[in-house]
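Before any comments, here is the structure.
Numbering (the numbering used here), first residue to last: 12 to 268.
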């Protein structure tokens, strides 16, 4: 059912990259945390988190602000700067995660991304009438943050940022809740530790959806430069005016603002 027609040509086979990805705190074209709008958001996060707040707590505050104030849409331009997402007040799951990464870097928290090629069928529940147009696989940039609990530094995936929060049902990838929103209530795991919706569990195992693990990259800029975006440029140009305003969870007729 999935389509290859709208995807960029990546050769006969996409191979995993070499292990690495030490991450960084520097600003990039996508993670442009030096822009005034993002800098203002960072100051707001610091105020709401309170003096001396740990990085994890501050990032949870940032996530909450973004989830409430940046409307989830189906934009297909993964390389939009974080400042643009914030200015427009809407963004895809990828774009909202980039904004969270930008806040983290501005606060001195090193970030990196894990590149994943995810089965396009995972997105069928969101587009039940347009399954034939869903790409065969979707390139996902999954952020990780270098945090320091009890003096021991470790990389924490965004799906574990809210570790300890009780789950309230599995993530279904339909309706208004996106992956970005879901991590605040249920751990999202792409490596295969806990079954999705397991009784009493707080993690959602989505490893079966991963076709290729591309490894780690210092930034999402590097990932997209290496592997391109999910859709080819002509497809993005045609789709973005509609999908960039189509609210997540809206009916196929589209709810646009």
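Even glycine gets a Cβ: it sits at the ideal position worked out from N, Cα and C.
Exercise. Count the other CB atoms within 10 Å of the CB of residue 270; is the residue buried (16 or more) or exposed (fewer)?
Worked result: For residue 270 there is no data in the structure shown, the boundaries of the chain being 12 and 268.
Problem set entry | Delimiting residues of the beta strand (DSSP E) encompassing residue 221 | Residue numbering aside, residue 221 sits at position 210 when the chain shown is read from its first letter. First-last of the beta strand (DSSP E) with residue 221: 221 to 228.
Exercise. Which residue spans inside the stretch 36 to 78 form an unbroken alpha helix (DSSP H) run of at least 4?
Worked result: 47 to 60
Problem set entry | Among 256, 182 and 186, the one whose alpha carbon lies nearest that of residue 198 | As a first step, residue 198 is located in the chain shown; it is residue number 187 there, counting from the start. Closest option to residue 198, Cα to Cα, is 182.
Exercise. Under a Cβ-count criterion, where at least 16 other Cβ atoms within 10 Å of its own Cβ denotes burial, should residue 116 be classed as buried or exposed?
Worked result: What you label residue 116 is simply residue 105 of the chain shown in a count that begins at 1. Residue 116 comes out buried.
Exercise. Excluding five sequence neighbours on each side, which residues of the same chain lie with their C-beta closer than 7 Å to the C-beta of residue 229?
Worked result: Residue 229 sits at position 218 when you count from the first residue of the chain shown. 32, 33, 34, 35 and 123.
Exercise. At a cut of 8 Å, does the stretch 64 to 77 reach the stretch 37 to 48 through at least three beta carbon pairs?
Worked result: no
Exercise. Among 103, 191, 111 and 59, which residue has its Cα nearest to the Cα of residue 84?
Worked result: In the chain shown, counting from the first residue as 1, residue 84 sits at position 73. The shortest Cα separation from residue 84 among 103, 191, 111 and 59 belongs to 103.
Problem set entry | Helix, strand or coil at residue 20 [DSSP, three-state] | As a working mapping, residue 20 is identified with position 9 in the chain shown. Because residue 20 sits at a pLDDT of 42, beneath the cut-off of 50, its placement in the model cannot be relied upon, and the following sentence gives the value as read from the coordinates. Three-state DSSP puts residue 20 in coil, outside helix and strand.
For this session: Taking 9 Å as the cut-off, decide whether the C-beta atoms of residue 150 and residue 91 are in contact.
Result: Taking the first residue of the chain shown as 1, we reach residue 150 at position 139. Taking the first residue of the chain shown as 1, we reach residue 91 at position 80. No, they are not a contact pair.
Exercise. What's the gap between the Cα of residue 9 and the Cα of residue 245?
Worked result: The chain is shown from 12 up to 268; residue 9 falls before or after that span and cannot be answered.
Exercise. Under three-state DSSP, which class holds residue 346?
Worked result: For the chain, the structure presents residues 12 to 268; residue 346 sits outside this window and is missing.
For this session: Please name the residue in 186, 65 and 243 whose C-alpha comes closest to that of residue 156.
Result: As a position in the chain shown, residue 156 is number 145, starting the count at 1. Among 186, 65 and 243, the Cα nearest to that of residue 156 belongs to 65.
For this session: Per DSSP, which residues does residue 258 bridge with? Please list them.
Result: Along the chain shown, one-based indexing puts residue 258 at 247. Bridge partners of residue 258: 84.
Exercise. Around the Cβ of residue 248, are there at least 16 other Cβ atoms within 10 angstroms (buried) or fewer (exposed)?
Worked result: Counting from 1 along the chain shown, the entry for residue 248 is found at position 237. When all chains shown are included, residue 248 counts as exposed.
Exercise. Excluding five sequence neighbours on each side, which residues of the same chain lie with their C-beta closer than 8 Å to the C-beta of residue 251?
Worked result: Residue mapping note: residue 251 aligns to position 240 of the chain shown, counting from 1. Contacts found: 86, 87 and 88.
Problem set entry | Assigned exposure category for residue 112 - 16 Cβ within 10 Å defines buried | By one-based count along the chain shown, residue 112 stands at place 101. With 16 or more other Cβ atoms within 10 Å, it is buried.
For this session: Tell me where the alpha helix (DSSP H) around residue 151 begins and ends.
Result: For this step, residue 151 is matched to residue 140 along the chain shown. From DSSP, residue 151 is part of no alpha helix (DSSP H) but of the beta strand (DSSP E) over 148 to 158.
For this session: Flag this pair as yes or no: are the beta carbons of residue 93 and residue 109 separated by less than 9 Å?
Result: Within the chain shown, numbered from 1, the residue matching residue 93 stands at position 82. Within the chain shown, numbered from 1, the residue matching residue 109 stands at position 98. Yes, the pair counts as a contact, with Cβ atoms nearer than the cut-off.
Exercise. Cα separation between residue 241 and residue 233?
Worked result: The residue given as residue 241 occupies position 230 in the chain shown. The residue given as residue 233 occupies position 222 in the chain shown. If you take the alpha carbons of residue 241 and residue 233, they lie about 15 Å apart.
Problem set entry | Local conformation of residue 92 per DSSP, three classes | To locate residue 92, count along the chain shown from 1; it is residue 81. Coil.
For this session: Look at the alpha carbon of residue 192 and the alpha carbon of residue 61, and state the distance between them as a whole number of angstroms.
Result: The residue given as residue 192 occupies position 181 in the chain shown. The residue given as residue 61 occupies position 50 in the chain shown. Near 23 Å, if we compare the C-alpha coordinates of residue 61 and residue 192.
Exercise. Which value, in whole angstroms, describes the spacing of the CA atoms of residue 100 and residue 81?
Worked result: Numbered from 1 along the chain shown, position 89 holds the residue referred to as residue 100. Numbered from 1 along the chain shown, position 70 holds the residue referred to as residue 81. Distance between the alpha carbons of residue 100 and residue 81: 5 Å.
Problem set entry | DSSP beta-bridge partners of residue 139 | Residue numbering aside, residue 139 sits at position 128 when the chain shown is read from its first letter. None; residue 139 has no bridge partner.
For this session: Report the partner residues of residue 232 according to the DSSP bridge assignment.
Result: What you label residue 232 is simply residue 221 of the chain shown in a count that begins at 1. The partner list for residue 232 (beta bridge, DSSP) is empty, contrary to what the question assumes.
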